[in-house]
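*Asks:* Note that the protein sequences, when read in sequence, are chains A and B.
Letter by letter, the first sequence follows residues 1 to 299 of full-length UniProt numbering.
Letter by letter, the second sequence follows residues 1 to 299 of full-length UniProt numbering.
Yeah, the Cβ is synthetic: ideal placement off N, Cα and C, and Gly gets one too.
Supplied in structure tokens, the structure appears directly below.
2 protein chains.
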Amino acid sequence: MDKVISVVGHAAIDLLFDVENIAVHNESHPIIEYNEYYGGGAANIAIAIARLGGRCQLISAVGGDFASSGYESELEKHGVDLSLLHRFENEKSTRAFVFTDREHNQSTYFDWGASVHLQELDPPVVDFVHLATSDSTYNAKIAKKAGFVSFDPGQDLVTYSQENLESILENTNMLFTNRHEIQRVCDMTGKCFDDILEMIGTVIVTYDVKGSIIHHNGEAISIPVVSVKAMDPTGAGDAYRAGFLLAYTRNYPLGICGRIGATVASFAVQSIGCQTDLPGWEEMEKRYEENFGELVSPA
Amino acid sequence: MDKVISVVGHAAIDLLFDVENIAVHNESHPIIEYNEYYGGGAANIAIAIARLGGRCQLISAVGGDFASSGYESELEKHGVDLSLLHRFENEKSTRAFVFTDREHNQSTYFDWGASVHLQELDPPVVDFVHLATSDSTYNAKIAKKAGFVSFDPGQDLVTYSQENLESILENTNMLFTNRHEIQRVCDMTGKCFDDILEMIGTVIVTYDVKGSIIHHNGEAISIPVVSVKAMDPTGAGDAYRAGFLLAYTRNYPLGICGRIGATVASFAVQSIGCQTDLPGWEEMEKRYEENFGELVSPA
Chain A
1 MDKVISVVGH AAIDLLFDVE NIAVHNESHP IIEYNEYYGG GAANIAIAIA
51 RLGGRCQLIS AVGGDFASSG YESELEKHGV DLSLLHRFEN EKSTRAFVFT
101 DREHNQSTYF DWGASVHLQE LDPPVVDFVH LATSDSTYNA KIAKKAGFVS
151 FDPGQDLVTY SQENLESILE NTNMLFTNRH EIQRVCDMTG KCFDDILEMI
201 GTVIVTYDVK GSIIHHNGEA ISIPVVSVKA MDPTGAGDAY RAGFLLAYTR
251 NYPLGICGRI GATVASFAVQ SIGCQTDLPG WEEMEKRYEE NFGELVSPA
Chain B
1 MDKVISVVGH AAIDLLFDVE NIAVHNESHP IIEYNEYYGG GAANIAIAIA
51 RLGGRCQLIS AVGGDFASSG YESELEKHGV DLSLLHRFEN EKSTRAFVFT
101 DREHNQSTYF DWGASVHLQE LDPPVVDFVH LATSDSTYNA KIAKKAGFVS
151 FDPGQDLVTY SQENLESILE NTNMLFTNRH EIQRVCDMTG KCFDDILEMI
201 GTVIVTYDVK GSIIHHNGEA ISIPVVSVKA MDPTGAGDAY RAGFLLAYTR
251 NYPLGICGRI GATVASFAVQ SIGCQTDLPG WEEMEKRYEE NFGELVSPA
């Protein structure tokens, strides 16, 4: 039976807007279309793992509107375990408001809502945990107690204290970053990339449309993207991590974990929203084999 | 008994956000706080007139969410007649998303929702109408049939064709603009201010915190603002128009109409949102008399 993957971070309700122009200071612009989507990095990853048939658990802070919004039942429907959710009935759930213009420029506003309380909480002990964008103090506490730690500081890296970052890295077994973030991790810790890699063991660096590179044990495994007609890049990184992590807990070699991640990501970019077009394992496997050849199960 | 004032334009649901910074292209910024408010220029004016004890009617296009949002019952509670609403069950209601930073810069996104259909509609015949920000084609059609036309093109002036603007102005008895808009009206029509004034009869130009000037019959009546501790300037202009128009239909002289408008506006700016702190007639009268002396009823 699969290991339970505990995913820590946001379950957010996103309003995604298509606009003629980004409204800068004292401008007013019309909205072409907008809709509400379920998002938040951790919830995106959890639901993607569940859709692939994995066992996973979401550890987030949510507000009183979480049930009434329909998000709770959506996660439950796909089999995500919500028993460790931190519930704050008098707060709003985390929300993002993302405006995208015709040239794909984005302007984002983010309300932490109930997540402001994460830093005060005492996290549970978990076995295999992935730390997505979240409160750095909470992430540092849970990393100390977990059996295996996968860590993705994401764009919140700028909010991490050096102390929290170093504490998490000391407990991290697998690090996901993009090429800008890995540079910042080096700058903040005063370590070079090779020192970081030696400390952690496995570092995956993503390069947008150029794919990703898995660094491990002196090797650098290059993973291409799986090309599809992309509608919306949002959520591609989360889908990649979901595929990668589930494959990893199923004992696939790292190169195959990366290719499975890239395949799952190719589904996420096909439609607008982060959770609208996620594949089951068989669907993923079919597209994997069209792109990479036979997917051989680990021994 | 009071004349019915028919107010044409938007009934919008506004989300007002306090943010650290306006997010320009490819920036992401946190939200400090946000809340939903009922707004839309025409609905703001209608509800303010109703609160003052006047009779008024809202002519707007609304979506299927208008009843479920609670806005419909809010307007009914205050006695606004909704019998001439244009209802589009499969559309969203008009919405604005307004982001305000700590230096009071604003960035606004606006979704017309059901209001996109206004241009196709055949408006009703009304007696005394105020045209707030709305579709210019609809405004031009209703102005042709109305007994008395008050017109406020507002920031939508840039969307008016010269033809619609000239057609409305020919039927307008009273024009409200700010100092930028009156210049644009002159530019678009190729007329100087005196020509516009002669054609219309009464032109009220607003100057933000410097008050307003009523131009009529060779006179220019200067109206100061009523000073209060201002929390949110949004809705001040709508409240001014509401007070002015109700006083006008009650046969007060123009100078008193302006001072009543300024008094009502001073309530609107006291709290966040456009409809949160509107006065009844007696409350208005009390503050009017503290600032301007006795409010003598018209003969």
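Please report how far the alpha carbon of B:A239 lies from the alpha carbon of B:I59, in whole angstroms.
*Replies:* By 1-based counting over the second sequence, the position of residue 239 of chain B is 239. By 1-based counting over the second sequence, the position of residue 59 of chain B is 59. Spanning the two alpha carbons is a distance of roughly 18 angstroms.
*Asks:* Go ahead and label A:C192 buried or exposed: buried means 16 or more other beta carbons lie within 10 angstroms of its beta carbon, across all protein chains shown.
*Replies:* Locating residue 192 of chain A in the first sequence gives position 192, counting from the first residue. So A:C192 counts as exposed.
*Asks:* Tell me which residues of the region 14-37 of chain A have at least one Cβ-Cβ distance to chain B shorter than 9 angstroms, keeping chain order.
*Replies:* L15, F17, V19, I22, A23, V24, H25, N26, E27, S28, H29, P30, I31, I32, E33 and Y34
*Asks:* Here's a check: name, in chain order, each residue in its chain whose Cβ is nearer than 6 angstroms to the Cβ of B:A146, leaving out the five neighbours to either side.
*Replies:* Against the second sequence, residue 146 of chain B aligns to sequence position 146. These residues qualify, in order along the chain: V126 and V129.
*Asks:* Check A:A96 in the structure and name its three-state DSSP category.
*Replies:* Residue numbering aside, residue 96 of chain A sits at position 96 when the first sequence is read from its first letter. A:A96: strand per DSSP, three-state reduction.
*Asks:* Under 9 angstroms between the Cβ atoms of B:G113 and B:T137?
*Replies:* Working through the second sequence from its first residue, we reach residue 113 of chain B at position 113. Working through the second sequence from its first residue, we reach residue 137 of chain B at position 137. Not in contact: B:G113 and B:T137 (Cβ atoms no closer than 9 angstroms).
*Asks:* In this structure, how does DSSP classify A:L131 when only helix, strand and coil are distinguished?
*Replies:* As a first step, residue 131 of chain A is located in the first sequence; it is residue number 131 there, counting from the start. Of the three classes helix, strand and coil, the one that applies to A:L131 here is strand, per DSSP.
*Asks:* Counting only beta-carbon separations shorter than 9 angstroms, does A:R95 have a partner in chain B?
*Replies:* Locating residue 95 of chain A in the first sequence gives position 95, where the first residue counts as 1. Closer than 9 angstroms: yes.
*Asks:* How is A:E36 classed by DSSP in three states: helix, strand or coil?
*Replies:* Within the first sequence, residue 36 of chain A is the residue found at index 36, counting from 1. Looking at A:E36 - three-state DSSP - the assignment turns out to be strand.
*Asks:* Where does A:V4 sit, in a helix, a strand or coil, going by DSSP?
*Replies:* On the first sequence, residue 4 of chain A is found 4 positions in, with the first residue counted as 1. Note: A:V4 maps to strand in three-state DSSP.
*Asks:* In the region 100-182 of chain B, which residue ranges form an unbroken beta strand (DSSP E) of at least 3 residues, counting only runs that do not cross its ends?
*Replies:* 106-111, 128-131, 148-151 and 174-178
*Asks:* Is it buried or exposed, B:V185, if we count other Cβ atoms within 10 angstroms and call 16 or more buried?
*Replies:* In the second sequence, counting from the first residue as 1, residue 185 of chain B sits at position 185. B:V185 comes out buried.
*Asks:* For A:L16, which residues does DSSP report across the bridge?
*Replies:* Translated into the one-based positions of the first sequence, residue 16 of chain A becomes position 16. For A:L16, which the question treats as bridged, DSSP gives the partners A:N35 and A:V98.
*Asks:* Comparing the C-beta of B:S134 with each C-beta of chain A, is any distance below 9 angstroms?
*Replies:* Start at 1 with the first residue of the second sequence, and residue 134 of chain B comes out as number 134. No, B:S134 does not count as interfacial toward chain A.
*Asks:* Give the residues from the region 99-110 of chain B that approach chain A closer than 7 angstroms (Cβ to any Cβ), ordered along the chain.
*Replies:* F99, N105, Q106, S107, T108, Y109 and F110
*Asks:* Taking A:N164 as the reference, give the member of A:Q155, A:E181, A:E91 and A:D135 with the closest Cα.
*Replies:* Along the first sequence, read from residue 1 onward, the residue named residue 164 of chain A stands at position 164. Among A:Q155, A:E181, A:E91 and A:D135, the Cα nearest to that of A:N164 belongs to A:D135.
*Asks:* If you check the beta carbons only, do B:A265 and B:A247 fall under 9 angstroms apart?
*Replies:* Taking the first residue of the second sequence as 1, we reach residue 265 of chain B at position 265. Taking the first residue of the second sequence as 1, we reach residue 247 of chain B at position 247. No, the Cβ-Cβ distance between B:A265 and B:A247 is not below 9 angstroms.
*Asks:* Select from A:I260, A:S271, A:A140 and A:Q275 the residue whose C-alpha is nearest the C-alpha of A:E283.
*Replies:* Counted from its first residue, the first sequence places residue 283 of chain A at position 283. Of the candidates A:I260, A:S271, A:A140 and A:Q275, the one whose C-alpha sits nearest the C-alpha of A:E283 is A:I260.
*Asks:* Give the straight-line distance between the Cα atoms of A:E103 and B:H25, rounded to the nearest whole angstrom.
*Replies:* Against the first sequence, residue 103 of chain A aligns to sequence position 103. Against the second sequence, residue 25 of chain B aligns to sequence position 25. Inter-residue distance for A:E103 and B:H25 is about 10 angstroms (C-alpha atoms, whole angstroms).
*Asks:* At a CB distance below 9 angstroms, what residues from the region 143-166 of chain A approach chain B? Give them in sequence order.
*Replies:* Q155
*Asks:* Give me the chain A residues within the contact set of B:W281, using Cβ-Cβ distance strictly less than 9 angstroms, ordered along the chain.
*Replies:* For this step, residue 281 of chain B is matched to residue 281 along the second sequence. The contacting residues do not exist; B:W281 stays about 33 angstroms from chain A at best.
*Asks:* Could you give the first and the last residue of the continuous alpha helix (DSSP H) run that contains A:V269?
*Replies:* Translated into the one-based positions of the first sequence, residue 269 of chain A becomes position 269. First-last for A:V269: undefined, no H or E at that position.
*Asks:* According to DSSP, what are the bridge partners of A:V62?
*Replies:* As a working note, residue 62 of chain A is residue 62 in the first sequence. A:R87.
*Asks:* If you run the structure through DSSP and keep just helix, strand and coil, what is B:C186?
*Replies:* Counting from 1 along the second sequence, the entry for residue 186 of chain B is found at position 186. B:C186 falls in the helix class under three-state DSSP.
*Asks:* On a Cα-Cα basis, can you pick out the residue from B:G243, B:V209 and B:I223 that is closest to B:K229?
*Replies:* Walking along the second sequence from the start, residue 229 of chain B turns up at place 229. For B:K229, the nearest C-alpha among the options comes from B:V209.
*Asks:* Looking at the strands, I want to know which residues DSSP matches up with A:S198.
*Replies:* Sequence index remark: in the first sequence, residue 198 of chain A carries index 198 (1-based). Per the sequence shown, the amino acid found at residue 198 of chain A is Glu instead of Ser. Beta-bridge pairing links A:E198 to no other residue.
*Asks:* If A:Y207 and A:R179 are in contact, beta carbons under 8 angstroms, what's the gap, nearest whole angstrom?
*Replies:* By one-based count along the first sequence, residue 207 of chain A stands at place 207. By one-based count along the first sequence, residue 179 of chain A stands at place 179. 6 angstroms between Cβ atoms; contact.
*Asks:* May I ask you to report which of helix, strand or coil DSSP gives B:I22?
*Replies:* Within the second sequence, numbered from 1, the residue matching residue 22 of chain B stands at position 22. DSSP places B:I22 in coil when its eight states are reduced to three.
*Asks:* Going by alpha carbons, who is nearest to B:T234 out of B:S69, B:F99 and B:F88?
*Replies:* Along the second sequence, read from residue 1 onward, the residue named residue 234 of chain B stands at position 234. Answer by Cα proximity: B:F99.
*Asks:* Does the beta-carbon distance from B:T172 to B:I200 come in below 9 angstroms?
*Replies:* Here residue 172 of chain B refers to the residue found at position 172 of the second sequence. Here residue 200 of chain B refers to the residue found at position 200 of the second sequence. Cβ atoms of B:T172 and B:I200: closer than 9 angstroms.
*Asks:* With H, G and I counted as helix, E and B as strand and the rest as coil, what does DSSP make of A:V205?
*Replies:* Taking the first sequence and counting its residues from 1, one reaches residue 205 of chain A at position 205. Strand.
*Asks:* What's the C-alpha gap between A:D18 and A:L278?
*Replies:* Counted from its first residue, the first sequence places residue 18 of chain A at position 18. Counted from its first residue, the first sequence places residue 278 of chain A at position 278. Going from the Cα of A:D18 to the Cα of A:L278 covers about 22 angstroms.
*Asks:* Is B:H10 closer than 9 angstroms to B:T133 when the C-beta atoms are compared?
*Replies:* Start at 1 with the first residue of the second sequence, and residue 133 of chain B comes out as number 133. Start at 1 with the first residue of the second sequence, and residue 10 of chain B comes out as number 10. For B:T133 and B:H10, yes; Cβs fall inside 9 angstroms.
*Asks:* Quick one, which of A:C56, A:S69 and A:Q270 has its alpha-carbon nearest A:S83's?
*Replies:* By 1-based counting over the first sequence, the position of residue 83 of chain A is 83. It is A:C56.
*Asks:* Residues in its own chain within less than 8 angstroms of A:P123 by CB, not counting five upstream and five downstream?
*Replies:* On the first sequence, position 123 is the one that residue 123 of chain A refers to. Around A:P123: V8, I59, Y138, K141, I142 and K145.
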